[in-house]
Amino acid sequence: MSKNSPGNYFEDFRIGQVIRHATPRTVTSGDVALYTGLFGGRFAVQSSDAFAKAIGYPRAPIDDLLVFHIVFGKTVPDVSLNAVANLGYAGCYFRSPVYPGDTLSALSEVIGLKENSSRKTGIVYVRTTGYKQDGTPVLEYVRWVMVRKRDEAAAAAGDQVPRLPTALEPNVLGEACPPIKAANYDFAMAGALYKFGDYQVGEKIDHVVGVTVEEAEHQIATRLYQNTARIHFDLFSAKQGRFGRRLIYGGHVISLARALSFNGFANAFHVAAINGGRHVAPLFAGGTVYAWSEVLAKSDLPSRSDVGALRLRTVATCDKPCADFPFKTGEDYDPAVLLDLDYWVLMIR
Amino acid sequence: MSKNSPGNYFEDFRIGQVIRHATPRTVTSGDVALYTGLFGGRFAVQSSDAFAKAIGYPRAPIDDLLVFHIVFGKTVPDVSLNAVANLGYAGCYFRSPVYPGDTLSALSEVIGLKENSSRKTGIVYVRTTGYKQDGTPVLEYVRWVMVRKRDEAAAAAGDQVPRLPTALEPNVLGEACPPIKAANYDFAMAGALYKFGDYQVGEKIDHVVGVTVEEAEHQIATRLYQNTARIHFDLFSAKQGRFGRRLIYGGHVISLARALSFNGFANAFHVAAINGGRHVAPLFAGGTVYAWSEVLAKSDLPSRSDVGALRLRTVATCDKPCADFPFKTGEDYDPAVLLDLDYWVLMIR
Amino acid sequence: MSKNSPGNYFEDFRIGQVIRHATPRTVTSGDVALYTGLFGGRFAVQSSDAFAKAIGYPRAPIDDLLVFHIVFGKTVPDVSLNAVANLGYAGCYFRSPVYPGDTLSALSEVIGLKENSSRKTGIVYVRTTGYKQDGTPVLEYVRWVMVRKRDEAAAAAGDQVPRLPTALEPNVLGEACPPIKAANYDFAMAGALYKFGDYQVGEKIDHVVGVTVEEAEHQIATRLYQNTARIHFDLFSAKQGRFGRRLIYGGHVISLARALSFNGFANAFHVAAINGGRHVAPLFAGGTVYAWSEVLAKSDLPSRSDVGALRLRTVATCDKPCADFPFKTGEDYDPAVLLDLDYWVLMIR
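Here you go:
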């Protein structure tokens, strides 16, 4: 038997199975620089040690989504190497800030399995936790993917669909946010004067500017996360597939949308949780990504007066500016929509 | 009113107005690596901690132009988001070396305003200063840009054109250069044996090699500086504009020309000042940039015997090698010229 | 005479000549991040400080091939600026681990010269050593290149071809590997359970996945190494040359193949030596690189029980998956083959 890894097929998973993923990864200021070069983030807390220290962090934390992507990347060789489709996320929340020098690793538990009626594929649900070198959990999320079977005749190892939360509860939203010295928060330096109290539920904001994605950019980003999904890198194979070209990692769109959302949410300095996300359409190189957001809800954090939470829907589109907030017509998404992301951000009160 | 930022229009500026720009930015060895990957600089002082320490720096300083680009980038959302054209620089000089770990921020004062006769646009002059976290100024320059009016009928807030220096005086050229232990300067390691005394006023040097720019490269660079000028990133919009494609940040050409100038000025280890610069023509991806330089003047530095200053004109071209020093025919620039940069470098005596 | 450097021509070299190369280069965690983004390496020792410390390194070492490329890059302006072809490597071995913060420099000795019968070119053999700031050698190799003569009539400075080793002896393979605490080596975290004892001489492994190379990627990589070979960067000149486009640095293919080889050799955590390598065909942007490997030999390391050495042939191809191990038909390489690399890796026993 060859020593290269074929990845797991649907019938290889078992309910309750725990997978410790390779490869541990020390995150450094080098990763921060490259992530800045790729997405152009301008949130002051992640950009400036001086700003972060003034408000109560020991130094600038690693961007939340960079942490997500690195943890996610580790799960790919074990969970989704034979995936047909990445179906969804739920219950994602950040549990501890990550700083340069921390080493991240990941562990997944299989919490659901459901064979499709075709018997060619099945849905695998995993709860993944990202850890630091000392065992501190930094991130937790559930993901479900449709995975091929190696052998159609193989018996499915279970038939169980987990109940998943629609949205994270406010009591977990502050876990990765230290107490903030709000008096030291310099709004001019942060880029806008709007605080938690200035946002209204139902308010929609266009993020205005678009950004075009190049093949080299998404490949560099996705490799930075050590994500090995072939479809992002292998043009020769992709030419024979259903898209005929390389597919950009869905997380790339999330990071672009987050960076664009600065223009409207400059003080939303921390992504606390991702309630759910749908990659409505694939993105290919050459496409220009725009985004807009809506405030879905607002919440206090239990026993905290420094910050509040905004629940946002951020919609990203391809080649369509968002001044009129393109979204759905009836049940159907506007054909330009790439991403429909539902998440919580923290903002100074 | 939407919370996204529309940027300032001509009539929003006031003489004497002071703008503290977002976002503070900690510069790290990650930025240095990416800048090296993008431009390939080979000046030993910026490349090697060991070399820099031997001659009197505490460690390798951040490349002067990287400092410039980061400071410049901060001013874009406030000064030039609605610019029609970037008209010029003057009086730019470096005031303190910057090291990994330093946090940069920027402040601009409006020092001139001049409405154009069309009443559709006006020229804004700002003096920008870059600072470290402790308030040390690291860089100062004047820039003027043509900015749109929101409303043609609006009254201009002033009519004042500042007097600007043609060139920086030698007394400020050493501010960002510590005393150099010239005896420890290893010329073989630095890449050439030529010292300050070996250069003659009027001497022209072709930098020989060309470098082709890709879309991903200039986008990554410009985002690294958190420069938000849409024209560099947004192909969908650009297609409808006057160029039909993304325009490369003018500073990208400056950095390329500086890196190319190593081949002829290997010991010009510090850009001390930029007297003025003109972006003669736009650069687009796929173009190959060449450069040549002329020594315009030489100067001692008051009470310093370690280093001297060369005033250089560096001309960058697109798709035209520079063996015959393409420049002007009469008043008109050669159509291949991209950049005409007048600046001071320091060199070991 | 102009101060730009024309590089050396064949008749400029002398047997025994020693060249100290510019530019010293401090390697940082920024370089590591960018190298990860460009090649996506997943070997745990280089990826994780925590993993590296557990098994006996002070922290994660710099990837061996990144060290090679940086040292190699320094030699280009002096050795191969006027090269027609890069003919081969031999006797390359790593002598000390390199860590972020170390400064690398390089020195070459001319050990062979052989004029070609055309009298237009000649072959130059150099032995290059890479050093740290404290003089510790980190890498040594012999390289030979065909270099143009400036003047056909010039007398050759020598006619001497050195004897070169076919393969490195086992006694030097452990020099850059500290004693490994094998009991602390976490195979699940490293990505595979296979140890030294599990591999058989003659075993072939397909690395399965391909990766497509973009112009921006190889340019950024090659500049990161401060390699100045014009053919990699200058499209305008390349259009007039024999390929009509930019040629990708051969070392880029080596790094891609090494990263791909993780899928089959996840525990081959250290490249100890390169016996020889042949760039069989040039690679251009847009090509998708695949690879496979064969175990050529196995060896103990004298007086070490922690690690063993595998001698591998890794073959990289362009646009041709390697399930059937494409290599040679008789004397001729399969037309898809790019690289035939013979090297030693260390693996936990």
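Protein chains in written order, with the numbering used here: chain A, 1121 to 1469; chain B, 1121 to 1469; chain C, 1121 to 1469. Even for Gly, the Cβ is constructed at its ideal location relative to N, Cα and C. Since the model is a prediction, treat every value here as computed from it, not as a measurement.
Burial state of residue i (16 or more Cβ within 10 Å)
{"i": "Thr1286 of chain C", "result": "exposed"}
{"i": "Glu1451 of chain A", "result": "exposed"}
{"i": "Leu1313 of chain A", "result": "exposed"}
{"i": "Ala1434 of chain C", "result": "Ala is not the amino acid found at residue 1434 of chain C; the sequence shown has Thr there. So Thr1434 of chain C ends up on the buried side."}
{"i": "Asp1462 of chain B", "result": "buried"}
{"i": "Phe1363 of chain A", "result": "exposed"}
{"i": "Glu1131 of chain B", "result": "buried"}
{"i": "Arg1378 of chain B", "result": "buried"}
{"i": "Asp1183 of chain C", "result": "buried"}
{"i": "Ala1392 of chain B", "result": "buried"}
{"i": "Thr1256 of chain A", "result": "exposed"}
{"i": "Lys1240 of chain A", "result": "exposed"}
{"i": "Pro1181 of chain A", "result": "buried"}
Supposed contact pair residue j and residue i - C-beta distance, whole angstroms, cut 8 Å
{"i": "Leu1233 of chain C", "j": "Gln1280 of chain C", "result": "6 Å"}
{"i": "Ala1302 of chain A", "j": "Leu1154 of chain B", "result": "Not quite, the Cβ-Cβ distance comes to about 33 Å (not below 8 Å), so this is no contact."}
Backbone CA spacing between residue i and residue j [nearest angstrom]
{"i": "Val1409 of chain C", "j": "Glu1337 of chain C", "result": "14 Å"}
{"i": "Ala1170 of chain A", "j": "Thr1342 of chain B", "result": "23 Å"}
{"i": "Asp1439 of chain B", "j": "Gly1361 of chain C", "result": "15 Å"}
{"i": "Ala1273 of chain A", "j": "Asn1236 of chain A", "result": "13 Å"}
{"i": "Asn1202 of chain A", "j": "Thr1332 of chain C", "result": "20 Å"}
{"i": "Gln1306 of chain A", "j": "Thr1223 of chain B", "result": "According to the sequence provided, residue 1306 of chain A is Asp. The question's Gln does not apply to it. Taking the straight line from one Cα to the other gives about 15 Å."}
{"i": "Val1473 of chain B", "j": "Pro1441 of chain C", "result": "As displayed, chain B neither begins before 1121 nor continues past 1469, which places residue 1473 of chain B out of reach and without an answer."}
{"i": "Asn1124 of chain C", "j": "Glu1323 of chain B", "result": "12 Å"}
{"i": "Pro1144 of chain B", "j": "Gln1137 of chain A", "result": "45 Å"}
{"i": "Asp1460 of chain A", "j": "Arg1398 of chain A", "result": "5 Å"}
{"i": "Ile1468 of chain B", "j": "Gly1428 of chain B", "result": "6 Å"}
{"i": "Tyr1369 of chain B", "j": "Gly1294 of chain A", "result": "40 Å"}
{"i": "Ser1225 of chain A", "j": "Phe1159 of chain B", "result": "34 Å"}
{"i": "Asn1291 of chain C", "j": "Pro1422 of chain C", "result": "6 Å"}
{"i": "Val1400 of chain B", "j": "Val1204 of chain B", "result": "15 Å"}
{"i": "Ala1142 of chain B", "j": "Ser1168 of chain A", "result": "11 Å"}
Residue i versus the options, residue with shortest Cα-Cα distance
{"i": "Ala1358 of chain C", "options": "C:Ile1394, C:Phe1404 and C:Phe1382", "result": "C:Phe1404"}
{"i": "Pro1402 of chain A", "options": "A:Arg1424, A:Ser1423 and A:Arg1365", "result": "A:Arg1365"}
{"i": "Ser1228 of chain B", "options": "B:Ala1388, B:Asp1198 and B:Gly1221", "result": "B:Asp1198"}
{"i": "Ser1200 of chain A", "options": "A:Lys1315, A:Asp1454 and A:Thr1348", "result": "A:Thr1348"}
{"i": "Ala1417 of chain C", "options": "C:Tyr1319, C:Ala1388 and C:Arg1424", "result": "C:Tyr1319"}
{"i": "Gly1317 of chain B", "options": "B:Phe1130, B:Asn1387, B:Glu1295 and B:Asp1254", "result": "B:Asn1387"}
{"i": "Arg1270 of chain C", "options": "C:Asp1462, C:Ser1419 and C:Gly1127", "result": "C:Gly1127"}
{"i": "His1327 of chain A", "options": "A:Tyr1213, A:Ser1381 and A:Ala1180", "result": "A:Ser1381"}
{"i": "Ile1190 of chain A", "options": "A:Gly1371, A:Asp1426 and A:Ser1413", "result": "A:Gly1371"}
{"i": "Gly1470 of chain A", "options": "A:Pro1422, A:Ala1142, A:Ala1392 and A:Glu1334", "result": "This structure does not reach residue 1470 of chain A, given that chain A is present from 1121 up to 1469, and the question cannot be answered."}
{"i": "Gln1339 of chain A", "options": "A:Val1373, A:Lys1315 and A:Ala1308", "result": "A:Val1373"}
{"i": "Leu1185 of chain A", "options": "A:Lys1240, A:Ser1375, A:Ser1225 and A:Asp1132", "result": "A:Ser1375"}
{"i": "Thr1248 of chain C", "options": "C:Thr1241, C:Val1262, C:Asp1254 and C:Gly1242", "result": "C:Val1262"}
{"i": "Met1309 of chain A", "options": "B:Ile1135, B:Arg1283, B:Val1246 and B:Arg1140", "result": "B:Arg1140"}
{"i": "Val1415 of chain A", "options": "A:Val1230, A:Tyr1177, A:Met1266 and A:Trp1464", "result": "A:Trp1464"}
{"i": "Ala1210 of chain C", "options": "C:Asp1183, C:Pro1446 and C:Trp1264", "result": "C:Trp1264"}
{"i": "Phe1385 of chain C", "options": "C:Ala1411, C:Val1400 and C:Gly1396", "result": "C:Ala1411"}
{"i": "Tyr1251 of chain C", "options": "C:Lys1315, C:Thr1156 and C:Tyr1219", "result": "C:Tyr1219"}
{"i": "Gln1253 of chain C", "options": "B:Ala1174, B:Arg1350, B:Ala1456 and B:Asp1426", "result": "B:Ala1174"}
{"i": "Gln1346 of chain C", "options": "B:Ser1122, B:Phe1163 and B:Tyr1129", "result": "B:Phe1163"}
{"i": "Pro1217 of chain C", "options": "C:Gly1311, C:Leu1432, C:Pro1178 and C:Lys1315", "result": "C:Pro1178"}
{"i": "Glu1266 of chain A", "options": "A:Arg1431, A:Ala1180, A:Pro1455 and A:Val1196", "result": "At residue 1266 of chain A the sequence reads Met, which differs from the Glu that was named. Here the closest residue by C-alpha is A:Val1196."}
{"i": "Asn1206 of chain B", "options": "B:Tyr1213, B:Phe1192 and B:Ser1419", "result": "B:Phe1192"}
{"i": "Leu1355 of chain C", "options": "B:Ser1419, B:Gly1330 and B:Leu1458", "result": "B:Gly1330"}
{"i": "Glu1289 of chain C", "options": "C:Asn1395, C:Leu1367 and C:Tyr1453", "result": "C:Asn1395"}
{"i": "Leu1432 of chain C", "options": "C:Arg1350, C:Ile1325 and C:Leu1344", "result": "C:Ile1325"}
field: Runs of alpha helix (DSSP H) wholly within the stretch 1348-1436 of chain B (minimum 4 residues, chain order)
entry: Listed in chain order, the alpha helix (DSSP H) runs fully inside the stretch 1348-1436 of chain B are 1355-1358 and 1370-1380, counting runs of at least 4 residues.
message: So if I threshold CB-CB distances at 7 Å, which residues from the stretch 1330-1349 of chain A count as touching chain D?
response: Note that chain D does not occur in the displayed structure, where the protein chains are A, B and C.
Alpha helix (DSSP H) segments (min. 4 residues) lying fully within the stretch 1255-1330 of chain A: 1307-1310
task: Return the chain-ordered ranges of every alpha helix (DSSP H) run that is complete within the stretch 1159-1209 of chain C and spans a minimum of 4 residues.
output: 1164-1167, 1169-1175 and 1184-1195
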